[in-house]
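Engineer: The structure is given below, and queries will be raised subsequently.
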Amino acid sequence: MFIKNKRSKTWPRLVLPLALLTLGGCSRSGLFLLEPEGLISQTFYHYFMLDVGIMLLIIIPTVVLTIWAMWRYRKGGNGSYHPQWSHSYAIEAVVWGIPLLTVGVLSYLSVKAIYDVNPYNPGVIAKAQQAAGGDPVEVDVIATDWRWLFIYPQQHIASVDELVVPVGTPVRFRLTSTSVVNDFIIPQLVGMIDVMPGMRTKQALVADKAGTYVGYSADYSGAGLSWMHFQTKAVSPAQFEQWVQSAQQSPQHLSYAGFNRFARPYIAVGGDQQIFGQVQPDLFDQVVGEVMRGKVWPTPMAMTENMVNYMKKQRAEQKAGDY
Amino acid sequence: MLVHLQGPWNPLLGRLTLQQIPYENPILLGTFIFAAILGVIVLGATTRYGKWGYVWREWLTTVDHKKIGVMYCLVGLVMLFRGFIDALMIRTQQAIAIGPNSPGALGAVHGYLTPFHVGQIYTAHGLIMVVFAATPLLVGIMNIIVPLQIGARDMAYPYLNALGLWLTTAGGALVMLSLFVGNFAHGGWYGFVPYFELPYSPGVGVDYWMWAFQLSVLGTTMGSINLIATIVKMRAPGMTWMRMPIFTWASLSTNLIALTSFPVLMVALGLLGMDRYLGTHFYTAGMGGNLMLYNDLFWIWGHPEVYFLILPAFGMMSEIIPTFSEKTLFGYATMVIASFAIGGVSWGVWLHHFFTMAAAPNVNSFYSITTMLVGIPTGVKVFNWIFTMYRGRVRYELPMLWALLALFLLLVGGMTGMMNAFASNDYMWHNGLFVVAHFHMMVLLIAASVFGAVEYWFPKVFGFKLEQKWGKWFFWFMVLGTGWVFVPMFFLGMAGMTRRLDYIPYTQWAPYLHITLVGMAFYVVAVLFFVAHLYVSLRDREKNRVGADAWGTSRNLEWMTHSPVPAYNFAFIPHVNARDEWAWRKENGIAELHAGDYEDIHMPKNTGIPLFLGLLSMGLAFALVWRIWWLALLCLVLMVALIIIRSFDRDTDTTIPAREVERVERAARDGSSGSVPPAGVLGDAVIATSTVRSGSGGIGGNTTSPRPSWAPRNR
Amino acid sequence: MSASTTQKIDPNRLTLWERHYPGHDMISTRTFGFWLYMLTDAMVYAALFASLGVLSHAVNLAGGPPPSAIINPVYAYGETITLFLSVLAYGYSMVALKSGSRGGVVGGMFVSMLLGVVFLAIAATDMGHLFAQGVVPETSGFLSIFFTILIYHALHIVVGVVWMLVMIAQIARDGFSANVVYRLINLRLFWHFQAVIWVFVFTFVYLQGMVA
């Protein structure tokens, strides 16, 4: 199945001043939120533009009114002076009415948007899937200190700090963390969802265009957070099949015992991607269960104090270790 | 029952060892030398000029609400400076550490700060700015102004007032101490669980954070009880609810928020403390804990806290704008309703701080709507201020400039706030720089209001106006800095950049980060102008002396007594006949201060016990941070003993004899004769050598008739 | 307001300043302030009970004992009766205050204090038994909040008992001075409030725990 997004064609033409300013620099400006390439992020963009438009409709006249009042009624200016004037039912009605109306409209839009991009079952993806049929790709995400492990349970493979998804196909995530709370985001494809230890959250996305998109953790999780980013490669369904087959050839296997070593605190400065050709089937659920029973991968006190020293130690450990 | 710790512990010093002094870090070493030199200069000067007795009598042991307020403001200013330096370091680090090829120094792979150090800096920055800078400044100004505005001679609980000050100060001092002994929390000012649990934050940093926070919670809660009791019970006769000055209304609503929300924070932090000290499982991921419980409890405090900060700022704007528009505030009743509406809604919005935690869409919808509701009363306030200027005569003096800056910041902050409330937006930039830029707009609004309020009420407290030239330079550079720092930050928000990064992986963001650094340079210049502003004002204070009504067009009771305000505030308690009593009297030509027939005035007596309790609470917190159990117990026992001993003290009041009142009043009035000036806030130390002139500032300044025909009658 | 200013004001008919201003009623102000304090304490309890609600699910037991296995109805009953009798005794002490009887006030307060100590003894025995069985706050999230609420309430009782001791000493020294009287009134509020909180503890911790 292949989902085509119609909305993406119309909205980028209606760019507001904010977006115009940024286009002055270069198109790949790094302003990820303004360059949406996925169904969810485009839905966000659509509502975002509506929201900004409605707000500016109120704010700009207010600014003009303020500046006008400041100028016209300056001391020595030619505005009339009525020191006792302090009440007017007509004005009161307007000053309560305008915010009330705006908030009413925005609330309606906000609720609609929430249901459209709701992480557990995004309305836009559900609708698209209903129309196109077919099965989504499932990915189990485990955030450790400070790396991302993506397990493909249907394909029995896993990948570290690299997510590969087929274009036009819904991808459904289950997410958990080993230690602390992280926040999963791929700004050009999908918004945030908390990744919490001992719990399971969900997210879903559809990528519209092939390409490489950055993803990272958005919630502070410790010393390695700044390096806790991953690459998302959106590829054609055929290329995805190819990637899965080559990944399955990888000699590295991942069991819970191996994961236990993998999950120790590790700052991924080098962007150390890894592929596991075989993964223990219920690894995700076992990790959730162990954490619920009190398993922790604590941060050694020494590692937080001097990063260079710690990285040396980490490199030595990594050479000795095997997963 | 006590938990197992990483690292050594011994019964005498707890976890404290020599390695905990970070002497090998050049940044902290430099800071220490700077602080030490500053300390030596201050303490040395106090000794050299023999001012210890004066400092002890007039300041450290005082229960005078004005002096306590001034000390609150001083604490706030010192902490504001510290918080600013923190901000400078974060911005510098983020401007250097961009991309894999950026240089690294001092043990950091990129930039000059390790992740651990960056973590401490932004945690300290956030905590200090919210709890130890903004809160003391606002509480300080409320402390000074509210009793004056309601015509009271002191607060309902003068002793508790001093205690609140010293507890807050102890908390701030603890944050400062963590620079040189041990380290500070490194995960954000509002804390994360389970990140702040022992396995992931094994050091003492989180403990410092937690106890400093708790001390300020205690201090602020006491302050809120005191202010509410004062406003409800101590208003001058005739001051009905709807005659109350608008700033007093704002203080009442804000303190109701504090009263009900701070205890919840105490629980949130207390349970975290139990986890860290006793090994319970409130917020752990496993063992039956619930980590979302912390987020809920914290933000049930956290969001009302935001309005706790902003309502007094709104109140200040509502005082300044009418004064300098020479006109009545538009829509007084609406303003009061709006304040309470904001306070009320603040209780139902906390979940918007974690829209991304996977709550059901109907839950997120509910909180999205309640959050937007805040926009209604806030919008009403904005329009009311505009319509206050409308048909007025607007004078652009410094307080007004600040108030208008606050108004514009509110427009930007309000608009971006509404965008954040739109939950689908928040999914994309939660924890991102868009949110950061938004709430900095709001706290800068608070800062602008505070600066405006300081300019506005400074002459009331100290008897002279601040000069305008350097103050305007300061103002305009603050405007420039704000634009250059935060406009790029909104763009970085659109880039999806998240908070708390010590290294920026994407080089496309570099231009924005460099522009914010330029903005920081403007801020640095602004700070220098601020210092010049203060220095020149102090130097030229004789030129800028004012009478009772410093601005000539002020409207409320605080301008109906001398500047600086005598220790007893009002020789005679004013009887209130109208809303905006002072403006009303001026309009009717009866605006003169009453003189003659002075009476004895009962006032609370100074006491050193709040100071000692503050010191002991700091000792207790320090002992708990380092787990020195004997010291903790000792401090606790001493505190309880002091409280009990104080309760047996019968000699808590003092009387200012009528003769003394007359002397002070006469000196304030006939200042030019060179006699002893009133015992204002600066006391005799600064203004003893000066003359007090009056009459330059307003109608009320030079009352000469000894016994006006409308002299008070006994009721 | 604007209407009033249009007409001419006759200053002689107005009171502008107060002479011989008596000041504010100290006892009333202090009592009001104490009510405010109790509101903060009520918020602390509210947050704790909310936490209890959050941590009362099956998952929060984490393999530890459920509430029904650790609650001893006899102790709970004993604590309830003692605390309520103590409040009653304090009530009598306040009745005696109205007639200005020093002996009545001190006597009532002494009984009240004694019953407070008995309450603490029962609570300590109850908890001691549980600790001896290895049922401790570290066992599970539920037990953490269970013990926290009980201990937080017991700490209030300790404060009340110490406060009563202080008040007995102050009555003996000062008689019924304004300071002593407002403190006695505040202590009454405080002590009754602990009984009210106990009703909540009994309902939400004990009754609901037994039913669940």
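Residue numbers (this note's numbering), protein chains in the order written: chain A, 49 to 371; chain B, 23 to 737; chain C, 75 to 286.
Just so you know, even glycine gets a beta-carbon here, dropped at the ideal spot from N, CA and C.
Please list, in chain order, the chain B residues whose beta carbon lies closer than 7 Å to that of C/Y280.
Structural biologist: Walking along the third sequence from the start, residue 280 of chain C turns up at place 206. Per Cβ cutoff of 7 Å: no residues; C/Y280 is ~20 Å from chain B at best.
Engineer: Within 7 Å (strictly less), CB to CB, does B/H26 reach chain C?
Structural biologist: Against the second sequence, residue 26 of chain B aligns to sequence position 4. B/H26 does not count as touching chain C.
Engineer: Is the shortest distance between the beta-carbon of C/G249 and the beta-carbons of chain B less than 7 Å?
Structural biologist: Residue mapping note: residue 249 of chain C aligns to position 175 of the third sequence, counting from 1. Chain B contact via Cβ: absent.
Engineer: Once DSSP output is grouped into helix, strand and coil, what is the label at A/S128?
Structural biologist: As a working mapping, residue 128 of chain A is identified with position 80 in the first sequence. Residue state, collapsed to three classes: coil.
Engineer: Could you pull out every residue in the same chain whose Cβ sits closer than 7 Å to the Cβ of C/F108, ignoring the five residues on either side in sequence?
Structural biologist: Within the third sequence, numbered from 1, the residue matching residue 108 of chain C stands at position 34. Excluding residues within five positions, the ones whose Cβ falls inside 7 Å are N260, L263.
Engineer: What does C/W91 pair with, by DSSP beta-bridge criteria?
Structural biologist: Along the third sequence, one-based indexing puts residue 91 of chain C at 17. DSSP output for C/W91 lists B/P596 as bridge partner(s).
Engineer: At a Cβ threshold of 7 Å, is B/F405 touching chain A?
Structural biologist: By one-based count along the second sequence, residue 405 of chain B stands at place 383. Yes, its Cβ sits closer than 7 Å to a Cβ of chain A.
Engineer: Kindly list the residues whose CB is nearer than 7 Å to the CB of A/Q236, restricted to its own chain and excluding five residues on each side of it in sequence; keep chain order.
Structural biologist: Looking up residue 236 of chain A in the first sequence gives position 188. If we look at A/Q236 and ignore the five residues flanking it on each side, its Cβ neighbours are F80, E83, P84, E85, G86, S89, Y261.
Engineer: Taking Cβ-Cβ distances below 9 Å as the criterion, which residues of the stretch 129 to 146 of chain A are in contact with chain B?
Structural biologist: Flagged, chain order: Y129, H130, P131, Q132, W133, S134, H135, S136, I139, E140, V142, V143, W144, I146.
Engineer: Ignore the nearest five residues each way along the sequence and tell me which others in A/I323's own chain have a CB closer than 6 Å to its CB.
Structural biologist: As a first step, residue 323 of chain A must be located in the first sequence, where it is residue number 275. The answer, listed in chain order, is S207, A295, S298.
Engineer: Using a C-beta cutoff of 7 Å, does C/E92 count as contacting chain B?
Structural biologist: One-based indexing of the third sequence puts residue 92 of chain C at position 18. Cβ-Cβ to chain B under 7 Å: yes for C/E92.
Engineer: Cβ closer than 7 Å: which chain C residues qualify as neighbours of B/E687?
Structural biologist: Position 665 of the second sequence, counting from 1, holds the residue named residue 687 of chain B. Those within 7 Å of B/E687 in chain C number zero; the least Cβ separation is about 13 Å.
Engineer: In whole angstroms, what separates the C-alpha of B/K627 from that of B/L633?
Structural biologist: As a working mapping, residue 627 of chain B is identified with position 605 in the second sequence. As a working mapping, residue 633 of chain B is identified with position 611 in the second sequence. So the two alpha carbons sit approximately 14 Å from each other.
Engineer: Is it right to say A/V100 is buried, meaning 16 or more other beta carbons lie within 10 angstroms of its own, or is it exposed?
Structural biologist: As a first step, residue 100 of chain A is located in the first sequence; it is residue number 52 there, counting from the start. A/V100 should be labelled buried.
Engineer: C/S214 touches chain B at which residues, Cβ-Cβ below 7 Å?
Structural biologist: Locating residue 214 of chain C in the third sequence gives position 140, counting from the first residue. Those are H303, M309, G310, listed as they occur along chain B.
Engineer: With DSSP as the reference, identify every bridge partner of A/P214, one or two as the case may be.
Structural biologist: On the first sequence, residue 214 of chain A is found 166 positions in, with the first residue counted as 1. Per DSSP, A/V283.
Engineer: Assess contact between the stretch 466 to 482 of chain B and the stretch 533 to 547 of chain B, defined as three or more Cβ pairs (one per stretch) separated by less than 8 Å. Is contact present?
Structural biologist: No: fewer than three Cβ pairs fall under 8 Å.
Engineer: On the three-state DSSP scale, how would you describe A/T249?
Structural biologist: Taking the first residue of the first sequence as 1, we reach residue 249 of chain A at position 201. In this structure, A/T249 counts as strand in the three-state DSSP scheme.
Engineer: Output the boundary residues of the beta strand (DSSP E) element that contains A/F324.
Structural biologist: Position 276 of the first sequence, counted from the start, is the residue given in the question as residue 324 of chain A. From DSSP, the beta strand (DSSP E) with A/F324 extends over 322 to 324.
Engineer: Assuming B/I166 and B/K88 are in contact, meaning their beta carbons sit under 8 Å apart, how far apart are those beta carbons, in whole angstroms?
Structural biologist: Taking the first residue of the second sequence as position 1, residue 166 of chain B is located at position 144. Taking the first residue of the second sequence as position 1, residue 88 of chain B is located at position 66. Contact flag correct, Cβ pair sits at about 5 Å.
Engineer: Does the ligand PLP have a heavy atom nearer than 6 Å to the CB of B/W498?
Structural biologist: The ligand PLP is not part of the structure shown, which contains no ligands of any sort.
Engineer: Helix or strand or just coil, what does DSSP make of B/T676?
Structural biologist: Numbered from its first residue, the second sequence carries residue 676 of chain B at position 654. In the structure shown, B/T676 sits in a strand (DSSP, three-state: E or B).
Engineer: Using the beta-carbon of each residue, which ones in chain B are nearer than 8 Å to C/N134?
Structural biologist: Residue mapping note: residue 134 of chain C aligns to position 60 of the third sequence, counting from 1. Result: G310, G311, N312.
Engineer: Which residues in chain C have a C-beta closer than 7 Å to the C-beta of B/V286? List them in chain order.
Structural biologist: As a working note, residue 286 of chain B is residue 264 in the second sequence. The contacting residues are M117, A121.
Engineer: Near C/L157, which residues of its chain fall below 6 Å by C-beta distance, leaving aside the five closest residues on each side in sequence?
Structural biologist: Here residue 157 of chain C is taken as the residue at index 83 of the third sequence, counted from 1. Around C/L157: F193, A269, W272.
Engineer: Taking 7 Å as the CB-CB cut-off, is A/S75 touching chain B?
Structural biologist: On the first sequence, residue 75 of chain A is found 27 positions in, with the first residue counted as 1. Reliability fails at A/S75, whose pLDDT of 38 lies under 50, so the model's placement of it is uncertain and the value that follows must be treated cautiously. No, its Cβ sits nowhere closer than 7 Å to a Cβ of chain B.
Engineer: Check the C-beta distance from C/I242 over to C/F184 and give it rounded, since I have them as a contact under 8 Å.
Structural biologist: Start at 1 with the first residue of the third sequence, and residue 242 of chain C comes out as number 168. Start at 1 with the first residue of the third sequence, and residue 184 of chain C comes out as number 110. 7 Å between Cβ atoms; contact.
Engineer: Residues of chain C with CB under 8 Å from B/I595, in chain order?
Structural biologist: Counting from 1 along the second sequence, the entry for residue 595 of chain B is found at position 573. Residues of chain C passing the Cβ test: W91, E92, Y95.
Engineer: Measure the beta-carbon distance from A/I173 to A/V254 and round it to whole angstroms, keeping in mind my assumption that it falls under 8 Å.
Structural biologist: As a working mapping, residue 173 of chain A is identified with position 125 in the first sequence. As a working mapping, residue 254 of chain A is identified with position 206 in the first sequence. So it is a contact: roughly 6 Å between Cβ atoms.
Engineer: Under a three-way DSSP split, which group does B/N32 fall into?
Structural biologist: Locating residue 32 of chain B in the second sequence gives position 10, counting from the first residue. Note: B/N32 maps to strand in three-state DSSP.
Engineer: From the DSSP output, in three-state form, read off C/F250 for me.
Structural biologist: In the third sequence, the residue the question calls residue 250 of chain C occupies position 176. Of the three classes helix, strand and coil, the one that applies to C/F250 here is coil, per DSSP.
Engineer: Nearest to A/A316 by alpha carbon, out of A/A161, A/T347, A/H301, A/G272?
Structural biologist: On the first sequence, residue 316 of chain A is found 268 positions in, with the first residue counted as 1. Nearest C-alpha to A/A316: A/G272.
Engineer: Looking at chain B, is there any beta carbon in it that lies within less than 7 Å of the beta carbon of A/G190?
Structural biologist: Locating residue 190 of chain A in the first sequence gives position 142, where the first residue counts as 1. One detail in the question is off: residue 190 of chain A reads as Ile in this sequence, not Gly. Cβ-Cβ to chain B under 7 Å: no for A/I190.
Engineer: Is there at least one Cβ from chain B nearer than 7 Å to C/V185's Cβ?
Structural biologist: Position 111 of the third sequence, counted from the start, is the residue given in the question as residue 185 of chain C. No - not a single Cβ of chain B is within 7 Å of the one on C/V185.
Engineer: Could you check the C-alpha separation between B/G22 and B/V404 for me, to the nearest Å?
Structural biologist: Nothing about residue 22 of chain B can be reported from this structure: the residues present for chain B run from 23 to 737 only.
Engineer: Quick one: grab the DSSP three-state call for B/P626.
Structural biologist: Sequence index remark: in the second sequence, residue 626 of chain B carries index 604 (1-based). Reduced to three states, the DSSP call for B/P626 is strand.
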